[in-house]
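**Student:** I'd like to ask some things about the structure below.
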Amino acid sequence: MATVVSHHLISSIASPHSPSNSKASLFPKEPFNLPIKFRQNRCFKIEATTASQTPVLDPLLSPSKTTPHKKKSNEASLILIRHGESLWNEKNLFTGCVDVPLTEKGVAEAIQAGKRISTIPVDLIFTSSLIRAQMTAMLAMTQHRCKKVPIILHDESEKAQTWSHVFSEETRKQSIPVVAAWQLNERMYGELQGLNKEETAERYGTQQVHEWRRSYHIPPPKGESLEMCAERAVAYFEDNIQPELALGNNVLIAAHGNSLRSIIMYLDKLTSQEVTSLELSTGLPLLYIFKDRKFMRRGSPVGPTEAGVYAYTKRLAQYRQKLDESLN
Amino acid sequence: MSTAMSYQSIYSFVSQQSSTISQSSRQPLLLPTKCLKIDSSLCYYTSRRKRNLSKIETISSQISVSYNTTLLSPSKNIIPDNSQKKSSNMILRSSSISYKNHNWFCILTLLFYVLDEAALILIRHGESLWNAKNLFTGCVDVPLTEKGVEEAIEAGKISNIPIDVIFTSSLIRAQMTAVLAMIQHRRKKVPIILHNESDQAKSWSQVFSEETKDQSVPVIPAWQLNERMYGELQGLNKQETAERYGKQQVHEWRRSYDIPPPKGESLEMCAERAVAYFEENIEPKLAAGKNVMIAAHGNSLRSIIMSLDKLTCKEVISLELSTGIPLLYIFKDGKFMKRGSPVGPTKAGVYAYTKVRHRFYCSTIFVFFEFSVLDGSLCLQRLAQYRQKLDESSEVICS
Numbered sequence: 001m002a003t004v005v006s007h008h009l010i011s012s013i014a015s016p017h018s019p020s021n022s023k024a025s026l027f028p029k030e031p032f033n034l035p036i037k038f039r040q041n042r043c044f045k046i047e048a049t050t051a052s053q054t055p056v057l058d059p060l061l062s063p064s065k066t067t068p069h070k071k072k073s074n075e076a077s078l079i080l081i082r083h084g085e086s087l088w089n090e091k092n093l094f095t096g097c098v099d100v101p102l103t104e105k106g107v108a109e110a111i112q113a114g115k116r117i118s119t120i121p122v123d124l125i126f127t128s129s130l131i132r133a134q135m136t137a138m139l140a141m142t143q144h145r146c147k148k149v150p151i152i153l154h155d156e157s158e159k160a161q162t163w164s165h166v167f168s169e170e171t172r173k174q175s176i177p178v179v180a181a182w183q184l185n186e187r188m189y190g191e192l193q194g195l196n197k198e199e200t201a202e203r204y205g206t207q208q209v210h211e212w213r214r215s216y217h218i219p220p221p222k223g224e225s226l227e228m229c230a231e232r233a234v235a236y237f238e239d240n241i242q243p244e245l246a247l248g249n250n251v252l253i254a255a256h257g258n259s260l261r262s263i264i265m266y267l268d269k270l271t272s273q274e275v276t277s278l279e280l281s282t283g284l285p286l287l288y289i290f291k292d293r294k295f296m297r298r299g300s301p302v303g304p305t306e307a308g309v310y311a312y313t314k315r316l317a318q319y320r321q322k323l324d325e326s327l328n
Numbered sequence: 329m330s331t332a333m334s335y336q337s338i339y340s341f342v343s344q345q346s347s348t349i350s351q352s353s354r355q356p357l358l359l360p361t362k363c364l365k366i367d368s369s370l371c372y373y374t375s376r377r378k379r380n381l382s383k384i385e386t387i388s389s390q391i392s393v394s395y396n397t398t399l400l401s402p403s404k405n406i407i408p409d410n411s412q413k414k415s416s417n418m419i420l421r422s423s424s425i426s427y428k429n430h431n432w433f434c435i436l437t438l439l440f441y442v443l444d445e446a447a448l449i450l451i452r453h454g455e456s457l458w459n460a461k462n463l464f465t466g467c468v469d470v471p472l473t474e475k476g477v478e479e480a481i482e483a484g485k486i487s488n489i490p491i492d493v494i495f496t497s498s499l500i501r502a503q504m505t506a507v508l509a510m511i512q513h514r515r516k517k518v519p520i521i522l523h524n525e526s527d528q529a530k531s532w533s534q535v536f537s538e539e540t541k542d543q544s545v546p547v548i549p550a551w552q553l554n555e556r557m558y559g560e561l562q563g564l565n566k567q568e569t570a571e572r573y574g575k576q577q578v579h580e581w582r583r584s585y586d587i588p589p590p591k592g593e594s595l596e597m598c599a600e601r602a603v604a605y606f607e608e609n610i611e612p613k614l615a616a617g618k619n620v621m622i623a624a625h626g627n628s629l630r631s632i633i634m635s636l637d638k639l640t641c642k643e644v645i646s647l648e649l650s651t652g653i654p655l656l657y658i659f660k661d662g663k664f665m666k667r668g669s670p671v672g673p674t675k676a677g678v679y680a681y682t683k684v685r686h687r688f689y690c691s692t693i694f695v696f697f698e699f700s701v702l703d704g705s706l707c708l709q710r711l712a713q714y715r716q717k718l719d720e721s722s723e724v725i726c727s
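Heads up: the protein sequence lines correspond to chains A and B, in order. First residue of the first sequence: 1, per my numbering; consecutive thereafter. First residue of the second sequence: 329, per my numbering; consecutive thereafter.
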């Protein structure tokens with residue numbers, strides 16, 4: 001596998017992992033100054049790291065604060081949120097990759113989702129390049145108790161990178177990088193995009209439409225099949241997200257029905273039959289724990305107002321306790 | 329002297345009235361034909377199939393008056409149903425404006441299109457997470473707070489002018505402001521962000537239904553409308569900055585026109601790229617009669633306003649733009665006329681733009697305290713009634 005380094009997210013992880021020390025921010029310490037050719041394939045891969053070593057993604061950047069070793073966390077949480085109602089959902093139109101925003105209801109769903117994950121640590125956020133997923137992530141994080149500020153990384157050009165650089169270490173520590181990736185976009189619906197169910201049934205026949213919507217392999221005209229969507233989404237996940245989890249970084253993914261199903265198919269090892277019938281609720285976050293290279297499904301976190309304390313793992317319980325203490 | 333703009337205009341918010349409109353109060357809009365301009369195609373005796381119809385329809389569809397929802401449907405088939413069977417129907421009849429409820433005023437608003445005028449609305453985004461923390465933001469892509477979200481939604485409520493195209497910066501706080509404002513926009517069209525970053529992005533975001541496209545407003549993100557880039561100050565708070573560079577220096581950067589912070593842009597540099605973009609991409613749209621909304625940032629909008637109002641450097645430095653309050657300009661004959669800021673929907677009032685001309689072009693626009701002579705006694709009567717009603721009910725604020 002190529003180890004082209006085109007992004008760096010982790011500049012240094014300073015402190016040994018323990019609930020009482022916050023991790024240093026993953027926010028880039030230096031503006032990216034990688035040559036364009038490294039970025040063209042638009043995925044970033046991290047050099048394989050040994051268990052005790054801090055990874056340095058960017059060979060041009062020598063971290064100013066590397067600790068000799070970091071006690072690698074052996075556990076990380078992965079949260080998946082499907083965005084809420086969009087303006088075309090409301091009108092019952094096939095959306096796909098058309099960049100349609102949320103309705104008020106969708107905004108409310110995002111905020112609700114945020115309340116549910118307000119005590120689960122988040123170090124890094126991945127979203128698609130569509131605004132409904134980005135808004136969902138941003139709105140959810142307004143509710144998070146850590147009070148860190150999500151900041152969208154811009155790498156579309158060198159200028160965009162240098163222009164969006166943050167020059168204060170303290171501010172970086174209080175920031176959560178957000179990576180927008182087209183590979184996490186909704187399944188591209190080709191010629192169905194913008195059509196409503198009626199129009200589509202008229203144009204193509206009810207039978208055919210049912211086939212596209214329910215099959216795994218068959219793409220609508222000029223569109224993607226679920227299989228094709230899964231291919232690019234899972235590839236992105238494996239190349240970019242999983243390594244972060246392996247390093248102990250807690251990740252939030254705000255994306256779409258089909259891209260998330262694809263990832264869940266990978267996490268839970270579902271068959272193609274099972275995945276086509278998988279329905280993800282909107283606005284209800286799903287939690288997975290990544291540990292020892294395995295993903296353990298932990299369902300949906302209960303909201304903070306609901307009675308009862310849940311702690312899926314000891315580490316999460318400690319994090320929650322720390323948040324409670326910091327309020328007092 | 330500060331040219332802080334506190335915009336006060338009177339603004340009529342139709343929605344307040346619309347709920348009181350009853351079906352039974354339908355009356356035809358009695359505008360004498362000779363008052364109507366435009367190829368006579370807007371003559372109310374014209375059959376529905378005249379060319380400009382679709383324009384009016386699209387406009388009228390945004391009017392709250394369409395309690396009868398199919399009023400003038402935005403589709404090209406026109407025809408609102410109820411009273412529509414008669415071919416002699418006046419186009420505007422279906423809008424059923426009850427004069428008693430100011431809504432005929434809105435009908436007129438539609439026709440403002442025929443005047444080759446275009447509206448330009450500027451909105452500065454609301455509070456961002458770094459505003460709340462008092463950090464220099466610049467081009468760092470920081471999102472809105474809950475308050476900023478509310479400000480954006482509020483901004484949409486008081487915007488009654490149909491929008492044909494939206495320009496924003498490449499930063500999410502401006503994009504969120506634009507789309508959240510459109511949630512409340514009366515016209516109910518769906519803003520869709522255009523993606524041009526690659527061929528794939530373009531082809532993947534294509535829409536394949538004409539009808540859906542008609543119901544969409546394109547949103548064009550442009551980095552040239554970004555906030556002024558603050559260089560090495562980005563992420564610093566005021567204290568840190570004063571410590572690092574000295575108060576004097578910081579004051580100079582913030583208040584000067586042409587001195588940039590280290591590795592950053594001066595206001596002049598920001599103005600250069602923002603105004604250039606405006607002239608090349610936005611002005612042509614306005615010239616073509618499209619109504620444009622720009623959702624952007626303090627400095628990029630000031631730069632544009634400097635160009636629109638022909639302000640001097642000194643004036644622009646002290647210009648303060650309120651967040652979340654739309655500013656309206658009318659573009660006509662190559663010129664921009666500032667029309668202030670609408671008063672919130674909770675306050676009754678009339679939004680007054682330009683004078684009604686002698687040849688009554690059915691534009692909404694009239695200066696509150698002046699009337700030109702209008703043709704058509706009926707018009708005059710209605711206007712007088714309308715004015716009286718406003719006098720009775722509204723809090724009129726004039727700048």
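Cβ atoms here follow ideal geometry from the backbone N, Cα and C, with glycine treated the same way. As the structure is a computational prediction, the values presented were derived from the model and not from experiment.
At 7 Å on the CB atoms, spell out the chain A contacts of Cys467/B, in chain order.
**Tutor:** Trp163 and Ser164
**Student:** Which residues in chain B have a C-beta closer than 7 Å to the C-beta of Leu287/A? List them in chain order.
**Tutor:** Simply none; closest approach about 23 Å.
**Student:** Taking the alpha-carbon of Lys147/A as reference, which of Leu130/A, Arg132/A and Val122/A has the nearest alpha-carbon?
**Tutor:** Val122/A
**Student:** I need the straight-line Cα distance from Arg187/A to Arg232/A, nearest angstrom please.
**Tutor:** Arg187/A and Arg232/A: Cα-Cα distance of roughly 10 Å.
**Student:** Per DSSP, what kind of secondary structure is Met634/B in: helix, strand or coil?
**Tutor:** helix
**Student:** Give a yes or no on whether the minimum CB-CB distance between Thr127/A and chain B is below 8 Å.
**Tutor:** Proximity of Thr127/A to chain B, defined by a Cβ-Cβ separation below 8 Å, is not satisfied.
**Student:** Answer with buried or exposed for Leu177/A, where buried requires no fewer than 16 other C-beta atoms within 10 angstroms of its C-beta.
**Tutor:** The question names Leu, yet the displayed sequence has Pro at residue 177/A. Pro177/A comes out buried.
**Student:** In its own chain, which residues sit with a C-beta less than 6 Å from the C-beta of His83/A, not counting the 5 before and 5 after it?
**Tutor:** Arg132, Ala133 and Thr136
**Student:** Taking Cβ positions only, does Leu252/A come closer than 8 Å to chain B?
**Tutor:** no
**Student:** Tell me whether the region 202-220 of chain A and the region 140-156 of chain A touch, counting them as touching only if at least three CB pairs, one residue from each stretch, are closer than 8 Å.
**Tutor:** no
**Student:** Just to make sure I have the definition right: I need the residues of chain A whose C-beta is within less than 8 Å of the C-beta of Leu561/B. Which are they?
**Tutor:** Simply Phe167.
**Student:** On a CA-only basis, which of Ala255/A, Ser129/A, Thr119/A and Trp212/A is nearest Leu323/A? Give me that one, please.
**Tutor:** Thr119/A
**Student:** So the beta strand (DSSP E) Tyr236/A belongs to, where does it begin and stop?
**Tutor:** Here Tyr236/A belongs to no beta strand (DSSP E); instead the alpha helix (DSSP H) covers Leu226 to Tyr236.
**Student:** Can you list, in chain order, the residues of its chain with a C-beta nearer than 7 Å to that of Asn627/B? Leave out the 5 residues immediately preceding and following it.
**Tutor:** Glu555, Arg556, Leu595 and Cys598
**Student:** Could you say which of Lys461/B, Ala480/B and His453/B lies nearest to Glu104/A if we only look at CA atoms?
**Tutor:** Ala480/B
**Student:** Starting from Leu245/A and walking both ways along the alpha helix (DSSP H), at which residues does that stretch end?
**Tutor:** Segment Gln242 to Ala246, the alpha helix (DSSP H) holding Leu245/A.
**Student:** Quick check on DSSP: helix, strand or coil for Asn565/B?
**Tutor:** Three-state result, Asn565/B: strand.
**Student:** Exposed or buried, which one is His523/B when buried takes at least 16 other CB atoms within 10 Å?
**Tutor:** buried
**Student:** Here's the rule: buried if 16 or more other CB atoms are within 10 angstroms of the residue's CB, otherwise exposed. What is Leu400/B?
**Tutor:** Unreliable positioning characterises Leu400/B in this predicted model, as indicated by a pLDDT of 32, which lies under 50. The coordinate reading is nonetheless provided below. Buried.
**Student:** Do Leu184/A and Ser128/A have their CB atoms nearer than 8 Å?
**Tutor:** yes
**Student:** On the DSSP bridge list, what partners appear for Glu75/A?
**Tutor:** Lys291/A
**Student:** For the region 613-642 of chain B, list every residue whose C-beta sits within 7 Å of some C-beta in chain A, in sequence order.
**Tutor:** none
**Student:** Along the chain, where does the beta strand (DSSP E) containing Val251/A start, and where does it finish?
**Tutor:** Val251 to Ala255
**Student:** Alpha carbon to alpha carbon, what distance is there between Glu75/A and Gln318/A?
**Tutor:** Their Cα atoms are separated by approximately 13 Å.
**Student:** If you run the structure through DSSP and keep just helix, strand and coil, what is Ile332/A?
**Tutor:** With chain A represented from 1 up to 328, any question about residue 332/A goes unanswered, as that position is not in the structure.
**Student:** Just to confirm, is the Cβ distance from Arg298/A to Leu287/A under 8 Å?
**Tutor:** yes
**Student:** Can you give me the C-alpha to C-alpha distance between Gln174/A and Ala616/B, rounded to a whole angstrom?
**Tutor:** Near 46 Å, if we compare the C-alpha coordinates of Ala616/B and Gln174/A.
**Student:** Identify every run of the beta strand (DSSP E) within the region 122-193 of chain A, keeping only runs that are complete inside it and at least 3 residues long; order them along the chain.
**Tutor:** Correct list: 124-127, 149-152 and 175-180.
**Student:** Using a threshold of 8 Å, state whether the C-beta atoms of Leu553/B and Phe464/B are closer than that.
**Tutor:** no
**Student:** Going by C-alpha to C-alpha distance, which of Met138/A, Glu90/A, Gly190/A and Lys29/A sits closest to Ile253/A?
**Tutor:** Met138/A
**Student:** Gln503/B versus chain A: which residues are under 7 Å apart at the beta carbon?
**Tutor:** Ile131
**Student:** Is Met597/B helix, strand or coil when you go by DSSP?
**Tutor:** helix
**Student:** When the cut-off is 8 Å and only beta carbons count, does Met329/A lie next to chain B?
**Tutor:** The first residue shown for chain A is 1 and the last is 328, placing residue 329/A beyond what the model contains.
**Student:** Can you give me the Cβ contacts of Glu482/B inside the same chain, cut-off strictly under 7 Å, excluding the 5 residues immediately before and after it?
**Tutor:** Answer for Glu482/B: Gly652, listed in chain order.
**Student:** Taking 8 Å as the CB-CB cut-off, is Thr171/A touching chain D?
**Tutor:** Among the chains of the structure shown, chain D does not appear; the protein chains present are A and B.
**Student:** Straight-line CA distance for Phe126/A to Leu80/A?
**Tutor:** 10 Å
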